[in-house]
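Chains as they are written, first to last, in the working numbering: chain C, 3 to 300; chain D, 3 to 300.
Okay, structure first, notes after.
Here is the structure:
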């Protein structure tokens, strides 16, 4: 008598959707606006909130409320929560929980970067399914080499999360270092930013993520990408997180001019422009900003 | 009748000692050993502690106790506390308070790096006198340019704290990026690591910190510094935080060979080697390691 075939193992269940797949769905449904939750002390003042952990919690919760239904993505800036120590992180956990409840995609803007064994700690903090800090994607820094992010990227993919690797950032002081030349084996060279871009794109392709990858890039909208050695035409399947719009000087109407064929997968980050509208005006400001991004790509 | 001279304003009180001055005193009194508090999950297991916020608190507190009286400097690795969210940060706050009570110099190993206005949040988190996370010095990342750290460095100096800027880190994946060539105005070029080194040294000199500066460097002991374009002979007044000893391969007995005339201001970071001794053996292991560092410089 032949044994019956074993029941399918639990691991044969359909894989959870990848971050790239989830992001693609959000972009299609709500467009590319990404609302930065940056509770600067001066914004807390302007909102009539205390400069404290309680103030950043309130601003974060109201920003989530104002975004829900008007846009699909929020990006809390961890520094302004960390400012208040463990109480600030407790506030951030509440904001993250509210964002999850509101079905928003959450990018934790933490820019963590360290050696691989230490990055494991950060990866667990931001990706472990039992972590109160869990997010859909995290910004990470490649100062210690793209290779130092290997374990973090793998951990993210395992749980359907993603990372955005800092490549060409929007602040002018970054340019000298990010355009330093990295020597290639064949005697040619690339900019450091371009070498990060290439490694990110290759990583998504190697993972078979040909529609939209789970490993994205931070490419500032104020950066002259071509003169930084970055060809946006090669990035149509790589998510791009784009700071630099608004007070930093880039215009949303230039989205296609800046990112070319990759414009459709850009997360257009805005923060002051919508937070400055205050607690009562913010929902309307987010609705308008989201519509502006969609109409620029229509 | 002439008015009596006004009493000296409160601001005329003698300035608090700088981080460089405080570090110099610690190095003279206790030597260069810096005990890394890295509560990896496998170390928690080995110590019989739970892998939880409570476990990292216990390991951190016992590590502080084991270091007090045997060495002068501790360096908690923030990632392993952040792993547990706000509860992990509360544990870190307890560990930092215990380290302050034990008169240890504390380097927060957080490797934070962001644009200037965001770095203000991190600077307040780690340097504000009312912050539960306050430390004597913080590790910071220059991926966004040395200039992005300007406000953080100024804030640190204001309160007698310091920073260690990542320049040449000890992990092999970092080398390609950190040795990328930065073009100088005169047509020559330097490695990215060397350009950070030069900016740090110049910053200490510009601040008049000619004995020991408040802005230091992370220069891994496993790095071939000369081939990275770094001349250690120019660093005698710059604090150097040196990972890479022990399991990463560098030997404390090579301290002078690696850092030359700057060896006397190196913080020799050790973590696994002393934490692996377990809760009962750690104090002895720290004592031995501290003595080894001192004897190599005698």
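Don't be surprised by glycine CBs; every beta carbon is placed ideally from N, CA and C.
May I ask you to report which of helix, strand or coil DSSP gives residue 75 (chain D)?
Taking the first residue of the second chain as 1, we reach residue 75 (chain D) at position 73. Residue 75 (chain D) falls in the strand class under three-state DSSP.
Quick one, which of D:200, D:174, D:177 has its alpha-carbon nearest residue 186 (chain D)'s?
Locating residue 186 (chain D) in the second chain gives position 184, where the first residue counts as 1. Nearest neighbour of residue 186 (chain D) by Cα position, chosen from D:200, D:174, D:177, turns out to be D:200.
If you count every other CB in all the chains shown that lies within 10 Å of the CB of residue 8 (chain D), and 16 or more means buried, which is it?
Within the second chain, the letter at position 6 stands for residue 8 (chain D). Note that residue 8 (chain D) has pLDDT 47, beneath the 50 cutoff, so the model's placement of it is unreliable and the number below is only indicative. Under this definition residue 8 (chain D) is an exposed residue.
Candidates D:274, D:80, D:235: closest to residue 260 (chain D) by CA position:
Working through the second chain from its first residue, we reach residue 260 (chain D) at position 258. That would be D:235, whose Cα lies nearest to the Cα of residue 260 (chain D).
With residue 136 (chain D) as the anchor, note down where its alpha helix (DSSP H) starts and where it stops.
Against the second chain, residue 136 (chain D) aligns to sequence position 134. Note, residue 136 (chain D): premise wrong, no alpha helix (DSSP H); not H, not E.
Exposed unless 16 or more other CB atoms sit within 10 angstroms - verdict on residue 11 (chain C):
Taking the first residue of the first chain as position 1, residue 11 (chain C) is located at position 9. Its pLDDT being 47, under 50, residue 11 (chain C) is placed unreliably in this model, and the coordinates cannot settle the point.
Measuring only between beta-carbons, confirm whether residue 221 (chain C) sits less than 7 Å from chain D.
Here residue 221 (chain C) corresponds to residue number 219 of the first chain, with the count starting at 1. Residue 221 (chain C) does not count as touching chain D.
Any C-beta of chain D under 7 Å from that of residue 129 (chain C):
Mapped onto the first chain, residue 129 (chain C) falls at position 127. By this cut-off, residue 129 (chain C) is not an interface position.
Out of curiosity, what's the CA-to-CA distance linking residue 153 (chain C) and residue 114 (chain C)?
The residue given as residue 153 (chain C) occupies position 151 in the first chain. The residue given as residue 114 (chain C) occupies position 112 in the first chain. Roughly 13 Å separates the two Cα atoms.
At a CB-CB cut-off below 9 Å, which residues of chain C make contact with residue 134 (chain D)?
One-based indexing of the second chain puts residue 134 (chain D) at position 132. Going along chain C in sequence order, the residues near residue 134 (chain D) (Cβ under 9 Å) are 86, 87, 88, 89.
Any beta-carbon of chain D closer than 7 Å to the one on residue 171 (chain C)?
One-based indexing of the first chain puts residue 171 (chain C) at position 169. Residue 171 (chain C) counts as touching chain D.
Is the beta carbon of residue 216 (chain C) less than 7 Å from the beta carbon of residue 21 (chain C)?
On the first chain, residue 216 (chain C) is found 214 positions in, with the first residue counted as 1. On the first chain, residue 21 (chain C) is found 19 positions in, with the first residue counted as 1. Contact: yes.
Give a yes or no on whether 7 Å exceeds the smallest Cβ distance from residue 258 (chain D) to chain C.
Along the second chain, one-based indexing puts residue 258 (chain D) at 256. Closer than 7 Å: no.
Name the residue from C:103, C:148, C:117, C:155 whose alpha carbon lies nearest to the alpha carbon of residue 128 (chain C).
For this step, residue 128 (chain C) is matched to residue 126 along the first chain. For residue 128 (chain C), the nearest C-alpha among the options comes from C:155.
Quick check on residue 175 (chain D) - is its C-beta less than 7 Å from some C-beta in chain C?
Counting from one through the second chain, the residue named residue 175 (chain D) turns up at place 173. It does: the Cβ of residue 175 (chain D) has a partner Cβ on chain C nearer than 7 Å.
Is the distance from the Cβ of residue 209 (chain D) to the Cβ of residue 237 (chain D) below 7 Å?
Working through the second chain from its first residue, we reach residue 209 (chain D) at position 207. Working through the second chain from its first residue, we reach residue 237 (chain D) at position 235. By the CB criterion at 7 Å, residue 209 (chain D) and residue 237 (chain D) fall outside the cutoff.
Grouping DSSP H, G and I as helix and E and B as strand, with all else coil, what is residue 111 (chain C)?
Position 109 of the first chain, counted from the first residue, corresponds to residue 111 (chain C). Looking at residue 111 (chain C) - three-state DSSP - the assignment turns out to be strand.
So which of C:38, C:60, C:105, C:262 has the shortest CA-CA distance to residue 78 (chain C)?
Locating residue 78 (chain C) in the first chain gives position 76, where the first residue counts as 1. Of C:38, C:60, C:105, C:262, the residue nearest in Cα terms is C:38.
Of the listed residues C:179, C:291, C:229, nearest to residue 191 (chain D) (C-alpha basis):
In the second chain, counting from the first residue as 1, residue 191 (chain D) sits at position 189. The option with the nearest alpha carbon to residue 191 (chain D) is C:179.
Minimum C-alpha distance to residue 126 (chain C) - residue among C:160, C:101, C:108, C:147
Residue 126 (chain C) sits at position 124 when you count from the first residue of the first chain. Cα-wise, what sits closest to residue 126 (chain C) is C:160.
I need the boundaries of the beta strand (DSSP E) containing residue 272 (chain C), first residue and last residue.
Counted from its first residue, the first chain places residue 272 (chain C) at position 270. Run containing residue 272 (chain C): 268-272, per the beta strand (DSSP E) assignment.
State buried or exposed for residue 32 (chain C), treating a residue as buried only when at least 16 other CB atoms are found within 10 Å of its CB.
In the first chain, the residue the question calls residue 32 (chain C) occupies position 30. When all chains shown are included, residue 32 (chain C) counts as buried.
Short of 8 Å in beta carbon distance, which residues of its chain neighbour residue 198 (chain C), apart from the five on each side in sequence? Order them along the chain.
As a working mapping, residue 198 (chain C) is identified with position 196 in the first chain. Closer than 8 Å at Cβ, skipping near neighbours: 144, 148, 167, 168, 169, 219.
Considering just the uninterrupted stretch of the beta strand (DSSP E) at residue 38 (chain C), what are its terminal residues?
Position 36 of the first chain, counted from the start, is the residue given in the question as residue 38 (chain C). Counting along the chain, the beta strand (DSSP E) containing residue 38 (chain C) begins and ends at 35-39.
With a threshold of 16 other CB atoms inside 10 Å of the CB of residue 249 (chain C), please say whether the residue is buried or exposed.
For the purposes of this step, residue 249 (chain C) is identified with residue 247 of the first chain, where counting begins at 1. So residue 249 (chain C) counts as exposed.
When you compare the CB positions of residue 295 (chain C) and residue 254 (chain C), do they come within less than 7 Å of one another, or not?
Here residue 295 (chain C) corresponds to residue number 293 of the first chain, with the count starting at 1. Here residue 254 (chain C) corresponds to residue number 252 of the first chain, with the count starting at 1. Taking 7 Å as the Cβ cut-off, residue 295 (chain C) and residue 254 (chain C) qualify as a contacting pair.
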